[in-house]
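Throughout, this note's numbering is defined as the position within the sequence shown, counted from one, plus 7. For each residue, glycine too, the CB sits at the ideal point set by N, CA and C. First up is the structure itself, then whatever we jot down about it.
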Amino acid sequence: TPNDFMREWLAVWEVFLQALIQGKAPPADWKCIQCGDEGILHCTDCFAWPLLCSKCCRNRHRHLPYHRVERWMGEFFQPGWLSSLGVEIRLGHRGDICPCNQSQFPEEDLFRRPYASSAKYNDPYQASPDDNDGSWRDMLDAELLSEGPQKSMPANAVPKLCGRTMTIVDVSGVHEITVNFCACGDRASDSVQLLDMGLYLASVVRPRTAFTFQVLDDFTRHNLECKTNTHKYYETIRRATRPAFPWTVPDRHREMMRCVRQWQHLKTLKWSGFGYGEFHEPRPGELGLFCPACPQVGVNLPDGWEKDAERMPWLFARQLNMDRNFKAEQTKRKYPEDDCPLTNGSLFLVEETRYKAYCDAVIETPQKATCHDHKAQSQSNTQVKHLAVTGIVAVACACHSAFCLGSCANLQKGERQINMDYILCQALKLTKIPSVTPTMVLYDIICQYGMHVFTHFLEHIQFLDLDSPLDITMGIGLFHVHGHQDSCGPRFSPNYIVGASQVDGEVIETLWARLNEISISCWGMGNGHQTETLDIHMLNSNWEKLLGIVSSTCRKMKRAYKHVRLSSDTFDELNSAASSAQIARWKEMERSAVENRRHDLSAMDVYAPLIRKAPTKADIHQDLITKEGGSSPIRGSASWLASGISIQEAQVELAAAVQKMGCRPTAEQLNQVEERRRRLDARIDTFEASAQRYLIQDADYDTVFGDDDDPLWEDDFYYATVQAQADNSNGSIDAKKQYISLPSMLGSQQCSKKGYKKIQAEELELRIGQANDNLQQIRIALGHKSFLYRTEVRNNKSQNKKTRSWSQVGHVKGTVQKNSWLYKHCCQAMQRLGASAELLFRYRNMERDDLKITTSVVDDPAAHGTRQKSLIIDCQCSLLINGFTWMLWGLVYPERSQGSSMKFSLPFSFGNNLPAMIGAPS
């Protein structure tokens, strides 16, 4: 294990430390490894850190000018620079000095001693109060590189080198090096000479700063893999140059940011074949890479593919996933007209000029929502003052998660439909869709977007110009579809779309996760720089998909072969359990739904689950009112019973309020409780006065509530209190304990004796509705409690916010407790009303464990014990079981008949016979 390796290291860590210390010490013989003279320098970039004399070190590093050397100062090695030894960069002659630009001294005399004996130059890294940005070695250069020709030189000086001192930024650090340009008559320009030696100049006219190709490539790798921005990367180089005083190193961050943009654009042009022939301006999407597995006309379709398309059209279908990302924001610029873009729509983001003209010409008309109030629709016209770009929208391949070329655009406000129309048009035009079958478009709110998309394409054909009429099949991702109305599930879920393959429609969310890591760097960029940054990261994402497309497709194919057998077994099991009449009816329902779906989405409603909500007390009350009169109970009995149940609920709430006050209530609390008692007494008096119309009180309480007649009473309530209530000499009774004249208080036996069976049945029905209401309130409160734990209690750090969060949790907990009490009393009332055993089992008493919640949104399917968990289904609900059986059959049948579970768009260049072999229906 890793800890075992760590323990092995802990046993010998002193050896490692001593080796590091000995590595900084010079060898005992103090000899140069090349000439045998006294060695005083070693190179930290050369292998084994060889000890060299000054002359050998200079000769050894003529073609390695970016190495870092250290000089022995008597007790330690001090960092130094090869330029101090006379090492220079020579251009135009493959590293050799130009004949027309020779030094005025022999090469062997270029160096006597690298540093003067004075303490002023003993430490080239010593910071000075006069050091400032861009001049950290000016004084040293002035001393070492003296002006004017000289015939002789002091022993401790270095002659002036013919050339220009430039700042070179390399992976190893920032270097001040003299660059000797070629002076021949047929020489190239200074810019070309620098580029030939692997130096990218920061400016075209008389450059003073250059970046090595290695440092530009290294930054690109760090930017793509680690999401490092230019500023952080250059700060790392400054620290590598002078670890103790990084701020004294020249700041070339802005120059590097500009050169990186140019470098990445040039590399993209080179990868796309530009520069090898006649040049032309890149067309939209021409510089990008797209999914190699999706069928594309003229790219990966074999000859004669049209014949295969007639036989297997679903194999050539395409799935697109649209979505927005509000993390990729960009602030407003002071001079936006001064922007200088490079890509101009040649990669993934659209060309800005035409896109802005489209957005200015088309007016977004707010549409009335026919589904839930989705924020993507209700906040589509929301604008933020300080943001020029509020986010981006993009289209990706739904099967292989590759960004579509030229199909990403900036948002000026919210997620408007005009933005989505434009990127959809671009995706359909630039990705070479075969157009054999309708293209499936998966979008979070396509139930709203699809209502007007065809009209918009016809109205704005000057911008939304397709080669053929718009032909799409609309769907919603499997995650977002559950946030819609129930009718949107069968109408837009990919599980019910024939030929949709096994896609979830949420693949673009995984692409946003990686892109969000770089989006923060785009906050303060200009529009062109932001576009190029997003373009290069989308290009890298597609490149990674291209590298892994073979292995990922093979894994999907193996998984498909495994699951198609399970699907076939499930289908056979369902067929064997169903009758021939059911199968024939289901086939007709499935055929009718598929044929009519394109013109009428409501045809898919046959797949909707046949689950009816439990009736509420209000529903049952209204139903009983319509049945009153005639042979039924007298008119008004249902309302009278409902008011009595409401009084009992008020009694429970009053008792809870009294209990909550505690032992030392305040005067205000006592007054509030007394006012509630007074109002409750008035309601009870009114109820008892009207009870004479519905109940015949012909016996005293001792006879009605005898222990032998109704044994349930004494078990559930205080029998002595009821007896005392019948005696007027005992005074008034507390409102929260007062008797209510309901059939449930009499009991089933007494109701039978007195002829109250019909009104008893009415109360039982109302009690069922009351139980349903209480259970629903408990479910909502428990869900709210779980939500508060996840969003408030755990995330709040301050004591003030945590206290408020716990008070909200306590309020919700009180709601759960109140409704659980009401549910308990309701179950007791149904038991006294003589409810059947089946009804009592359905509305059985709740235990404490039933009110426990989990604070996770979805339980981990890999958690221990999850495999043994199963859904609780009432076996008596035959209608529900039949509905689920049809739903399962309807899901499996299209897969078996159309082969959609086996459909994978493999790269067609793998072989002409492979697509037909893999896509063949079972």
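Legend entry - Run of the beta strand (DSSP E) containing Val402, from where it starts to where it stops: Walking along the sequence shown from the start, residue 402 turns up at place 395. Following the DSSP letters along the chain, one finds Val402 inside the beta strand (DSSP E) bounded by residues Gly398 to Cys404.
Inset, instruction - Give a yes or no on whether the minimum CB-CB distance between Asn852 and chain C is below 8 Å. - result: Among the protein chains of the structure shown there is no chain C, as only one such chain exists.
Legend entry - Start-to-end residues for the alpha helix (DSSP H) that takes in Asn426: In the sequence shown, counting from the first residue as 1, residue 426 sits at position 419. Here the alpha helix (DSSP H) through Asn426 covers Gln424 to Leu437.
Legend entry - Inter-residue Cα distance where the pair is Gln433 and Val176: Here the question's residue 433 lines up with position 426 in the sequence shown. Here the question's residue 176 lines up with position 169 in the sequence shown. One Cα belongs to Gln433, the other to Val176, and the distance between them is close to 41 Å.
Legend entry - Stretch-stretch touch, CB-based, cutoff 8 Å, three pairs: the stretch 366-380 with the stretch 458-475: In short, these stretches touch, since the Cβ pair count reaches three.
Legend entry - Beta-carbon gap between Val443 and Pro320 smaller than 8 Å: Position 436 of the sequence shown holds residue 443. Position 313 of the sequence shown holds residue 320. Yes, they are a contact pair.
Legend entry - Simplified DSSP assignment, three categories, for Tyr708: Walking along the sequence shown from the start, residue 708 turns up at place 701. Residue confidence is low: Tyr708 scores 33 on pLDDT, short of 50, so the model does not pin down where it sits. Its coordinate-derived value is still stated next. Annotated three-state conformation of Tyr708 is helix, per DSSP.
Inset, instruction - Can you say whether Cys670 is buried or exposed, counting buried as having 16 or more other CB atoms within 10 angstroms of its CB? - result: By 1-based counting over the sequence shown, the position of residue 670 is 663. An exposed status is given to Cys670, since fewer than 16 other beta-carbon atoms sit within 10 Å of its beta-carbon.
Legend entry - Span separating the alpha-carbon of Phe410 from that of Met545: Taking the sequence shown and counting its residues from 1, the one referred to as residue 410 is at position 403. Taking the sequence shown and counting its residues from 1, the one referred to as residue 545 is at position 538. Cα to Cα, the separation comes out at about 7 Å.
Inset, instruction - Tell me where the beta strand (DSSP E) around Leu273 begins and ends. - result: Taking the first residue of the sequence shown as 1, we reach residue 273 at position 266. Per DSSP, Leu273 belongs to no beta strand (DSSP E); it is in the alpha helix (DSSP H), His260 to Trp278.
Inset, instruction - Could you tell me the distance, in whole angstroms, from the CA atom of Asn10 to the CA atom of Ala26? - result: Stepping through the sequence shown from its first residue, residue 10 is reached at position 3. Stepping through the sequence shown from its first residue, residue 26 is reached at position 19. Near 23 Å, if we compare the C-alpha coordinates of Ala26 and Asn10.
Inset, instruction - Spell out a yes or no on whether the stretch 386-404 and the stretch 324-342 are touching, meaning 3 or more CB-CB pairs, one atom from each, closer than 8 Å. - result: Contact between the stretch 386-404 and the stretch 324-342 is established, with three or more Cβ pairs separated by less than 8 Å.
Inset, instruction - Please confirm whether Asn187 and Ile104 have their CB atoms less than 8 Å apart. - result: As a working note, residue 187 is residue 180 in the sequence shown. As a working note, residue 104 is residue 97 in the sequence shown. Annotated as proximal: Asn187 and Ile104, with beta-carbon spacing under 8 Å.
Legend entry - Cβ-based burial, Asn163 [other Cβ within 10 Å; buried from 16]: For the purposes of this step, residue 163 is identified with residue 156 of the sequence shown, where counting begins at 1. Any answer about Asn163 is weak, because its pLDDT of 36 lies below 50 and its placement is not dependable; what the coordinates show is given next. Exposed is the call here.
Legend entry - Counterpart residues of Ile479 in DSSP-defined beta bridges: Indexing the sequence shown from 1 puts residue 479 at position 472. Its beta-bridge partners are Thr446.
Inset, instruction - Would you check if the distance between the CB atom of Arg853 and the CB atom of Leu771 is smaller than 8 Å? - result: Along the sequence shown, read from residue 1 onward, the residue named residue 853 stands at position 846. Along the sequence shown, read from residue 1 onward, the residue named residue 771 stands at position 764. Residue identity check: residue 853 is Met in the sequence provided, not Arg. No Cβ-Cβ contact shorter than 8 Å links Met853 with Leu771.
Legend entry - Sequence ranges, beta strand (DSSP E) only - wholly within the stretch 8-60, length at least 3: For the stretch 8-60, whole beta strand (DSSP E) runs of length 3 or above, ordered along the chain, are 48-50.
Legend entry - Cβ shell of His536 (< 7 Å), same chain only, five flanking positions each side left out: Here residue 536 refers to the residue found at position 529 when the sequence shown is read from its first residue. Around His536: Arg268.
Inset, instruction - Figure out for me which residue from Leu749, Glu317 and Glu660 has the closest Cα to the Cα of Leu968. - result: Lying outside 8 to 929, the shown extent of the chain, residue 968 is not represented and no answer is given.
Inset, instruction - Assign Met668 to buried or exposed, taking buried as 16 or more other Cβ atoms, counted over all protein chains shown, within 10 Å of its Cβ. - result: Translated into the one-based positions of the sequence shown, residue 668 becomes position 661. Exposed.
Legend entry - Spatial distance of Asp145 from Thr185 (CA atoms): For this step, residue 145 is matched to residue 138 along the sequence shown. For this step, residue 185 is matched to residue 178 along the sequence shown. Its pLDDT being 43, under 50, Asp145 is placed unreliably in this model, and the coordinates cannot settle the point.
Legend entry - Pick from Lys565, Lys859 and Thr338 that is closest to Ala788, judged by C-alpha positions: The sequence position of residue 788 within the sequence shown is 781, counting from 1. Closest by C-alpha distance to Ala788, out of Lys565, Lys859 and Thr338, is Lys859.
Inset, instruction - Would you check if the distance between the CB atom of Leu448 and the CB atom of Met329 is smaller than 8 Å? - result: Taking the sequence shown and counting its residues from 1, one reaches residue 448 at position 441. Taking the sequence shown and counting its residues from 1, one reaches residue 329 at position 322. In the sequence on display, residue 448 carries Val and not Leu. The Cβ atoms of Val448 and Met329 sit closer than 8 Å to each other.
Inset, instruction - Mind checking who Asn417 pairs with in its DSSP beta bridge? - result: Counting from one through the sequence shown, the residue named residue 417 turns up at place 410. Per the DSSP secondary-structure output, Asn417 pairs in a beta bridge with Ile399.
Inset, instruction - Could you tell me which uninterrupted beta strand (DSSP E) segments, each at least 3 residues in length, are contained entirely in the stretch 190-215, listed from first to last along the chain? - result: Fully enclosed beta strand (DSSP E) runs of 3 or longer: 206-208.
Inset, instruction - Rounded to whole angstroms, what's the CA-CA distance from Trp16 to Gly30? Just pull it up for me. - result: Position 9 of the sequence shown holds residue 16. Position 23 of the sequence shown holds residue 30. Cα to Cα, Trp16 sits roughly 19 Å from Gly30.
Inset, instruction - Give the DSSP bridge partners of Val181, in chain order. - result: One-based indexing of the sequence shown puts residue 181 at position 174. Bridge partners of Val181: Val176.
Legend entry - Meets three-Cβ-pair contact criterion under 8 Å: the stretch 792-800 and the stretch 676-694: Cβ pair count under 8 Å is below three, so no.
Inset, instruction - In the DSSP assignment, find the beta strand (DSSP E) that holds Gln658 and state where it starts and stops. - result: On the sequence shown, position 651 is the one that residue 658 refers to. Taken as a continuous stretch (DSSP letters only), Gln658 belongs to no beta strand (DSSP E), being part of the alpha helix (DSSP H) at Ser644 to Met668.
Inset, instruction - Decide yes or no for the touch test of the stretch 825-833 against the stretch 775-783: beta carbon pairs closer than 8 Å, at least 3 of them. - result: Under the 8 Å Cβ criterion, the stretch 825-833 counts as touching the stretch 775-783, having at least three qualifying pairs.
Legend entry - DSSP state of Phe218 mapped onto helix, strand, coil: For the purposes of this step, residue 218 is identified with residue 211 of the sequence shown, where counting begins at 1. Strand, per DSSP.
Legend entry - Buried versus exposed call for Cys561 [16 or more other C-beta atoms within 10 Å across all chains shown]: Mapped onto the sequence shown, residue 561 falls at position 554. Taking all protein chains shown into account, Cys561 has fewer than 16 neighbouring C-beta atoms within 10 Å of its C-beta and is therefore exposed.
Legend entry - Backbone CA spacing between Lys234 and Thr227 [nearest angstrom]: Looking up residue 234 in the sequence shown gives position 227. Looking up residue 227 in the sequence shown gives position 220. Roughly 9 Å separates the two Cα atoms.
Inset, instruction - For the beta strand (DSSP E) holding Asn582, just list the boundary residues, first then last. - result: The sequence position of residue 582 within the sequence shown is 575, counting from 1. Counting along the chain, Asn582 falls outside any beta strand (DSSP E), though it belongs to the alpha helix (DSSP H) covering Asn534 to Ala584.
Inset, instruction - Give me whichever residues DSSP pairs with Met80 in a beta bridge. - result: Here residue 80 refers to the residue found at position 73 of the sequence shown. None; Met80 has no bridge partner.
Inset, instruction - Just grab the DSSP bridge partners of Ile96 for me. - result: Taking the sequence shown and counting its residues from 1, one reaches residue 96 at position 89. Under DSSP, the beta-bridge partners assigned to Ile96 are Val186.
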